[in-house]
């Protein structure tokens, strides 16, 4: 290996050009073939049983997410102006290419079925906009008396009315959203305000906003890293070459993605994040060694210096890269394809960063020359065996006060484990936006006036037995469950099912007597009511709540929040009815994007925890093999474990929920933590072989590796702190947590790992034995 | 909810003109052609068994069987229908009286489980008939001068000559923006009809699959309406059609609705 690398030094121009050409080719591929995947549905593992069922149910009942267009008039909505605007907007939305006409619902499209003394009356609420006060008053009364409309399409304070336009999974684009906003804005008047909300808007905006924000922030992050790197390396050339390693590995990773035609998912934006954090490390450690060598041998030629660097550093660089890559490869256990891809391509990027560090970086130094030796070193008191007083003192203090580290770590672990209990999982999309953003505010506004912007679909399945959902006892149970969920939970604003239609028809056919707002006791009666509804109302409405053979029922729960706590609270109450339904031969299933989001997040976390454990085991094994000692394997994994624990603990204390982004961050704890540990261990082994004094070995290691680790941490932390200024909250969390992980990794490596290393006497046992004999 | 006059539909809208002057060489206008289609002599009364099958996009079916009676009583047309299947709605009955004048229809429903006859009123002629893809208008409630008719062209398909007539509603808010009908020149049956929605997009296609001569009248006994936007279909098949059997006027009463067939 060394020989090969030495040989390559003679062809530095060739290696440089080959790498640049391949990079250019990948870059072209990237430019041409890269596509963003903004459709969140594409992220879902569609072969998972929960998803298979949900997808089917969405087909059966035409379950889609709805865009909500709310018309607000503080003077009330029952006036010609508002009703006319509602009519025109409804018609306009029916004309959108992206929207099926039948999927647009508003007071204008709705039928009013009411009971009269001798029968029933089916009418549109209005077709021509009512002008006279009497007609407006009549409309107002009709709405107030129809509970399937009042509180659903018109708010109970009568200042807001909504249009609901349901759209397919794949139609949302920025242009479409802009067009909706334009249409809405154009209809606003002095009195009428129009708000647009709904899950498609939230999902779509999020899928666009996250990566866009990253695109804006990454250059700033790179700039800051460049500056700090320059300050630590004190070499412009060195900084450029190190960043080149990061930059090229990122291009290769994304270029390969483009070549194999895999789109960029939202999680893919984490790839450069990882590569920056990891790629910079190799460069810093290499340059750090080079500096030390030059400082000690100011007269050495560049080839000699580089050869020394390669000789000492190729092993730790290869070891860190392999362990890190293996950590990412373990993400293949995830059931979520974007996460798998993230794992593979990050691993590829890490390996490429290794290749560049060992070929491109030396070639660069060969071509552009060595960094200058530092003058200050000549005046510095080298304290005998090392050249940094600070490092020596720090190492002594750590070793002397080893119990501080041990107890401190123990306390931190306990606190973290306690904090972890408070961690909650959140699949919410809305929670990813700023509290005061338009999207959150509109959502809040609509939730205040209506049942809720999020829907949970409970699918009751009688498993092929026909007409089960015409049975009175079944519908009564459904009705009871709906009322129970609605009454128990604040967050559930509305429930809706076939039971509501039957209740309403029973009331209507009994002269609108409220006492009959119940499920009748006879199955034939229910069947006849439903037939009557089909003949008088819009039969499409029934198709959304029950299938053709009355063996599957769709019960809708409207939630005022899309976060996992809200969905789970509803699920908990629903589950108390599971036994009752099972006894009737009915199973409970779920559908809809909110539920899928919940399952999806669980899957990601499950996969993440699996891969975390798996990669820890692999890393312990790898370290043990590399250093030929199980003890080292275990000691080396300590900073990683501590970092991961602290990361989760702090998330628990701060109430940062686990979601797709924050869960993946544990990978970075491993990726970086292992780098620090390996460099430090390798250096320590090397130093231990040259001395009998454990403290000297520790001090030398601290001065050399320790310094590089600190530089590395400072550079990356500074870079990622920039993300705190991001406009997209998940990116802010990312910045804060990456910085935190870097910090704890480096502190953990330099304190508790050193202490454990020191106490274990590894690399010194044999010497003592030989001394005694 | 609108009057349930499947019989009228069959006889008035699609029916053949036995004595039409199809031999006249003079070119008919679109309005004249549709007038012939709409205003054809029918029997005094009709009895039949209707099987209506609704088929949704996934291929599931709902089959409904209905026994129906219709009688033309001069300025009023009365019909009564009894469900015979499925079992849980058996004996559910509907009655409607449709007037030639502008007076709106009278309708009643009887639910055996409720044991009461209820009056129903509705303001829309665009309602779908019993959850099918036919609206009441499609089934023959449409008046000649509700639309402007234009003869587009003449066509020969499989050796049969057709008039192709386009009808555009005068009411701009009507559910169709236009319809196009293929009318057989020899017997004035509207054999195929396309319905376009408010945005001018094809919404539904009606196809006549079978017509028979019964008691001197030609009756369409099998037809299919397909909603191409919703991918939903309805077939209607008439059996045991009897014409001019002399149904008594007393048959069309609330008492008879409750008594069943």
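Chains as they are written, first to last, in the working numbering: chain V, 112 to 884; chain X, 623 to 883. Glycine is no exception: its CB is placed at the ideal position from the N, C-alpha and C atoms.
Residue-level contact by beta carbon holds for residue 742/X and chain V, with a gap shorter than 7 Å. For residue 422/V and residue 467/V, the gap between their C-alpha atoms comes out near 16 Å. Within chain X, 710, 711, 734, 735 have C-beta atoms less than 8 Å from the C-beta of residue 635/V, given in sequence order.
The Cβ of residue 726/X sits no closer than 7 Å to any Cβ of chain V. Against chain V, the CB of residue 837/X has no partner CB under 7 Å away; the residue lies outside that interface.
Per DSSP, the continuous alpha helix (DSSP H) segment holding residue 203/V begins and ends at 191-206.
In this structure, residue 718/X lies near residue 701/X, with their beta-carbon atoms less than 7 Å apart. Residue environment analysis places residue 658/X among the buried positions, since at least 16 neighbouring C-beta atoms fall within 10 angstroms of its C-beta. For the pair of segments examined, the stretch 592-599 of chain V was found not to touch the stretch 699-708 of chain V: the number of CB pairs separated by less than 8 Å stays below three.
CA-CA distance, residue 478/V to residue 770/V, rounds to 46 Å.
With contacts defined by Cβ atoms closer than 7 Å, residue 689/V and residue 767/V do not form a contacting pair.
Closest option to residue 434/V, judged by alpha-carbon separation, among 637/V, 658/V, 790/V, 668/V: 790/V.
Per DSSP, the beta-bridge partners of residue 720/X are 699/X. Using a CB distance cut-off of 7 Å, residue 650/V counts as an interface residue toward chain X.
Assignment of residue 482/V by DSSP, reduced to helix, strand and coil, places it in the coil class. CA-to-CA, the gap between residue 877/X and residue 771/X works out to about 43 Å. Per DSSP, the beta bridge partners of residue 791/X are 769/X. DSSP, read as helix, strand or coil, puts residue 817/X in strand. Membership of residue 870/V in the alpha helix (DSSP H) is indicated by the continuous run 865-871. The beta carbon of residue 678/X falls within 7 Å of a beta carbon belonging to chain V, placing the residue at that interface.
Assignment of residue 183/V by DSSP, reduced to helix, strand and coil, places it in the strand class. The beta carbon of residue 560/V lies closer than 6 Å to those of 266, 271 in the same chain, with the five residues before and after it left out.
Between the alpha carbons of residue 869/V and residue 515/V lies a gap of roughly 14 Å. The C-alpha of residue 138/V is placed about 59 Å away from the C-alpha of residue 756/X. DSSP, reduced to helix, strand and coil, places residue 740/X within a strand of the structure shown. Contact between residue 833/X and residue 664/X does not hold, since their C-beta atoms are separated by about 14 Å, which reaches or exceeds 8 Å.
Taken through DSSP and simplified to helix, strand or coil, residue 564/V comes out as coil.
Unbroken alpha helix (DSSP H) runs of no fewer than 4 residues, entirely contained in the stretch 583-609 of chain V, are found at 583-599, following chain order. At the C-beta level, residue 527/V and residue 727/V stay beyond 7 Å of one another. Nearest CB-CB separation between residue 626/V and chain X: not below the 7 Å threshold. In the structure shown, the three-state DSSP call for residue 839/X is strand.
At a beta-carbon threshold of 8 Å, none of the residues of chain X lie near residue 209/V; the nearest stands roughly 14 Å away. Taking residue 314/V as reference, the option from 154/V, 329/V, 374/V, 393/V with the minimal CA-CA separation is 154/V. Beta-bridge annotation (DSSP): residue 733/X is paired with 738/X. The Cβ of residue 200/V sits no closer than 7 Å to any Cβ of chain X. Residue 730/V is positioned such that its CB atom lies closer than 7 Å to that of residue 785/V.
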